[in-house]
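For reference, the structure discussed in these notes is given below.
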Amino acid sequence: MTGEIHAVDSHTAGEPTRIVLAGGPPLGNGPLSERLNLFRTKHDAYRRAIITEPRGSDVLVGGLLCEPHDPECQAGVIFFNNVGFLGMCGHGLIGLVETLRDQGNIDTGQIKIETPVGTVAATLHSGGEISVSNVESYRVAKDVQVHTKGFGTVSGDIAYGGNWFFLTNTPQQKVTRDEIGNLTAMACAIRKAVNEGGYPEVDHIEIFGNPDDGADSRNFVLCPGLEYDRSPCGTGTSAKLACLAADGKLAPHQPWVQQGVLGTSFVCEYSWADSAQQRIKPTIRGKAFITAETHLKLTANDPFCWGIQ
Ligand code: PYC
Numbered sequence: 002m003t004g005e006i007h008a009v010d011s012h013t014a015g016e017p018t019r020i021v022l023a024g025g026p027p028l029g030n031g032p033l034s035e036r037l038n039l040f041r042t043k044h045d046a047y048r049r050a051i052i053t054e055p056r057g058s059d060v061l062v063g064g065l066l067c068e069p070h071d072p073e074c075q076a077g078v079i080f081f082n083n084v085g086f087l088g089m090c091g092h093g094l095i096g097l098v099e100t101l102r103d104q105g106n107i108d109t110g111q112i113k114i115e116t117p118v119g120t121v122a123a124t125l126h127s128g129g130e131i132s133v134s135n136v137e138s139y140r141v142a143k144d145v146q147v148h149t150k151g152f153g154t155v156s157g158d159i160a161y162g163g164n165w166f167f168l169t170n171t172p173q174q175k176v177t178r179d180e181i182g183n184l185t186a187m188a189c190a191i192r193k194a195v196n197e198g199g200y201p202e203v204d205h206i207e208i209f210g211n212p213d214d215g216a217d218s219r220n221f222v223l224c225p226g227l228e229y230d231r232s233p234c235g236t237g238t239s240a241k242l243a244c245l246a247a248d249g250k251l252a253p254h255q256p257w258v259q260q261g262v263l264g265t266s267f268v269c270e271y272s273w274a275d276s277a278q279q280r281i282k283p284t285i286r287g288k289a290f291i292t293a294e295t296h297l298k299l300t301a302n303d304p305f306c307w308g309i310q
C-alpha cells in the first residue's frame, strides 16, 4: 500500500467538507501561502486522490488541517476542490470547527485559524452553532455589464469574500431547486463572459432571487469545478455583505439571513474593517453535521489510486 489518509466528512447546510487529519502531503511548516503553493505544484495528486472519484465527488470540498505558522493561531487549513484550491471556504471552515469538536480537540469558545489568504476567527457556541469571522471583504466593481452567449446582457458586481465572485440579480430566473440545471447553464455562460471581459480571477458566480419568508435573500452559487454550492456559501455571502455595505443598504451589525438554493441559511453581519476603503469584516453563522470518519486507502497498483481525472 502507498498510504492511508485519515479524514472526517461533514456537511454544512448541505454542502460537504472532507477534513484531512493525517496522511496528507508533506508541506513543511512555512507560511500557509507557501504550503499552498507546494501542494499545488508538487502534490496535486493528493488533492485528486482525496476529492475526485472513486473516493470523492465533484461537490466535495477538502481541507488539509495543518500546524499553523502564525503562533497566534491554533490551527491552519488549506481548502481544495475538484479542480484546484480555494483561498478560504466559509462552509468548510464551519465543517473544520465541527470536526475539531468531534475529535475532542476544542471546546466552546473562540479559536484562530490560519488560511492561505489570512487569519480567520471561529467561535463554537454552546448550542453547537459556529460563527466564522472571515477575512476582509470588499467590492472592486459595480454594475459591470457582460454579454453572455444565450442569456443576453447581464449586469453585476465583482467582489471578494475570500474567493472572487460576480454577483447578479436575475428577476427573470427563479432561484429554486427545480431550476438548478438552468441556473448552472446561466452561471457558466456568465462566468465565461466575466472572465473574457477582464476579470479572469472570478471563479464563482452568485445569482440572487427571492427568498422564502424569514430570509433576506436567496442565492445560487456556481463553484469553480462547475458544481453548485449546496450551502449559501460563506465567502459568497461575505462578498454580498461587502456590496450591501458599500451601497449603504445594510448597517454594521444588522443581521442578514442568506438562504442558499436548497433553502438552508446562514445568519450574518459585518463590522467595518476600513469604512473609508469600504472594506468589511463579515461574520457567518451556521451549523455542520459529521457524516463519516474514514481512512482512505492509497494502493499502489490501483489504477485510480490518484483519482479519476
Ligand atoms: O462556503 O465559502 C464557501 C464555499 C466556497 C465554495 C464552496 N463553499
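Using the working numbering, the first residue of the sequence shown is number 2, and each one after it goes up by one. For glycine and all other residues, C-beta sits at the position ideal for the given N, C-alpha and C.
### Query
Under a three-way DSSP split, which group does I131 fall into?
In the three-state DSSP reduction, I131 falls in the strand class (E or B).
| field | Span separating the alpha-carbon of K241 from that of T53 | value | Between the C-alpha atoms of K241 and T53 there is a straight-line separation of about 29 Å.
Residues in the same chain with beta-carbon distance under 7 Å from G105, minus the five sequence neighbours each way, listed in chain order, please. The answer is none, since no qualifying residue turns up.
In angstroms with no decimal places, state the Cα-to-Cα distance between R102 and G64.
For R102 and G64, the distance between alpha carbons rounds to 15 Å.
| message | From the DSSP secondary-structure annotation, give me the bridge partner or partners of W257. | response | When beta bridges are read from the DSSP output, W257 appears opposite C269.
* Asked: Around the C-beta of Q260, are 16 or more other C-beta atoms found within 10 angstroms, so that it is buried, or is it exposed?
  -> Residue environment for Q260: buried (at least 16 other C-beta atoms within 10 angstroms of its C-beta).
How do the stretch 64-73 and the stretch 249-268 stand: do at least 3 beta-carbon pairs fall below 8 Å, yes or no?
They do not touch, by the three-pair rule.
Can you tell me whether N302 is buried or exposed? The criterion is at least 16 other CB atoms within 10 Å of its CB, across all chains shown. With fewer than 16 other Cβ atoms within 10 Å, it is exposed.
Just confirm the distance between the C-beta atoms of P55 and I309, as a whole number of angstroms; I'd bet it's less than 8 Å. A Cβ-Cβ separation of about 6 Å places P55 in contact with I309 under the 8 Å criterion.
Start and end of the beta strand (DSSP E) containing K282?
Element bounds for K282: 280-287.
field: C-beta atoms of E1 and F167 nearer than 9 Å
entry: An answer regarding residue 1 cannot be provided, because it is not within the stretch 2 to 310 covered by the chain.
Requested in this report: May I ask which residues mark the beginning and end of the beta strand (DSSP E) holding G153?
Outcome: Here the beta strand (DSSP E) through G153 covers 153-161.
Worksheet entry | Option in F81, H12, G226, V9 with minimal Cα separation from L37 | Nearest of F81, H12, G226, V9 to L37, Cα basis: F81.
Determine, for Q278, whether the minimum Cβ-Cβ distance to residues of chain C falls below 9 Å. No chain C is part of this structure, which consists of one protein chain only.
DSSP three-state assignment for D213, whether helix, strand or coil: Coil.
* Whole angstroms is fine: what's the gap from W273's alpha carbon to K113's? => Computed Cα separation, rounded: 19 Å.
_Taking the alpha helix (DSSP H) that S34 belongs to, which residues open and close that run?_
S34 -> alpha helix (DSSP H) spans 33-43.
Roughly how many whole angstroms lie between the Cα atoms of V136 and H148? Using only the alpha carbons, I get a separation of about 31 Å.
Could you give the first and the last residue of the continuous alpha helix (DSSP H) run that contains E228? Element bounds for E228: n/a, residue is neither H nor E.
Spatial neighbours of D10 in its chain, beta-carbon cut-off 6 Å, leaving aside the 5 residues before and after
Cβ within range, chain order: R19, T292, A293.
| message | On the CB-based measure, 16 or more other CB atoms within 10 Å of its CB, does E202 come out buried or exposed? | response | Its Cβ having fewer than 16 others within 10 Å, E202 is exposed.
Check your understanding: So, do the stretch 74-93 and the stretch 244-251 have three or more beta carbon pairs nearer to each other than 8 Å?
Key -> In this structure the stretch 74-93 does not lie against the stretch 244-251, because fewer than three pairs of beta carbons, one per stretch, are closer than 8 Å.
For R192 and F152, the rounded distance between their alpha carbons: C-alpha separation (whole angstroms): 12 Å.
Exercise for review: Return the first residue and the last residue of the beta strand (DSSP E) that L245 is part of.
Suggested key: No beta strand (DSSP E) contains L245, which is instead part of the alpha helix (DSSP H) from 235-247.
Could you check whether A243 and A160 sit closer than 9 Å to each other, using their CB atoms as the reference points?
Yes, these two residues count as a Cβ contact at 9 Å.
| task | Round the Cβ separation of S341 and H126 to the nearest angstrom and send it over; I've been treating them as touching at under 8 Å. | result | There is simply no residue 341 to check, as the chain begins at 2 and stops at 310 in what is shown.
_L97 and V118 closer than 9 Å at C-beta_ = Annotated as distal: L97 and V118, with beta-carbon spacing of 9 Å or more.
Is C234 closer than 9 Å to E99 when the C-beta atoms are compared?
Against a cut-off of 9 Å, the Cβ pair of C234 and E99 comes out as no contact.
Please state the DSSP three-state secondary structure of N170. Strand at N170.
| request: Could you name the residues that DSSP lists as bridge partners for L119? | output: It should be noted that the sequence gives Gly, not Leu, for residue 119. In the DSSP assignment, the residues bridged to G119 are T116.
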